[in-house]
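Student: Yeah, the first sequence ends on 268 if you go by the numbering used here, and it's all consecutive. For glycine and all other residues, C-beta sits at the position ideal for the given N, C-alpha and C.
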Amino acid sequence: MKAETLSFFERVYDVVRQIPYGRVTNYGAIAKYLGAAKSARLVGYAMNASHTKDVPAHRVVNRNGLLTGKHHFEGTNLMQQLLENEGVVVEDNQILNLDEVYWDPTKEL
DNA sequence: CATTTGACAGGCG
DNA sequence: TCGCCTGCCAAAT
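#1: Looking at C-alpha atoms only, which residue of THR265, ASN185, VAL260 is the closest neighbour of LEU201?
#2: Where does TYR180 sit, in a helix, a strand or coil, going by DSSP?
#3: Is it buried or exposed for GLN177, if we count other Cβ within 10 angstroms and need 16 for buried?
#4: Would you decide whether VAL248 is buried or exposed? Buried here means 16 or more other CB atoms lie within 10 Å of its CB.
#5: Which residue from ASN244, ASP258, GLY224 puts its Cα closest to that of ASP251?
#6: Assign LEU165 to one of two classes, buried (16 or more other C-beta atoms within 10 Å of its C-beta) or exposed (fewer than that).
#7: Buried or exposed, going by whether 16 or more other CB atoms sit within 10 Å of the CB of ALA188?
#8: Who pairs with ILE254 in a beta bridge, going by DSSP?
#9: Who are VAL220's beta bridge partners in DSSP?
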């Protein structure tokens, strides 16, 4: 895999696409895995552009397990619906069982 | 072409 | 223990 030819965004998408079903992760973990721990914002911004990509952006939340990006999805609670559909317990845009569904790329990959 | 903003996180006071 | 400040890249204005 020629990461040099891939933009930061594309590398983010590549990681997000590897998130297992029913699992979630946070922006910082992805950034850290890519070697840019202080660029969590870029991961978030990459998600903003992920609408045109085949990326399960609903599996990426902030470090509090809060669905900060739900406003970028269709409808009012699509992101929450998708997560609950995968077995993730979400209440008021907040993942309750974060410890159970959390997926760390630096550990799993 | 230059400036501002944005799905965040962690370090410091 | 709580809150403010900085770092990072890309896209939009």
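Tutor: This is what the structure gives:
#1: ASN185
#2: coil
#3: exposed
#4: exposed
#5: GLY224
#6: exposed
#7: buried
#8: VAL249
#9: ASN185
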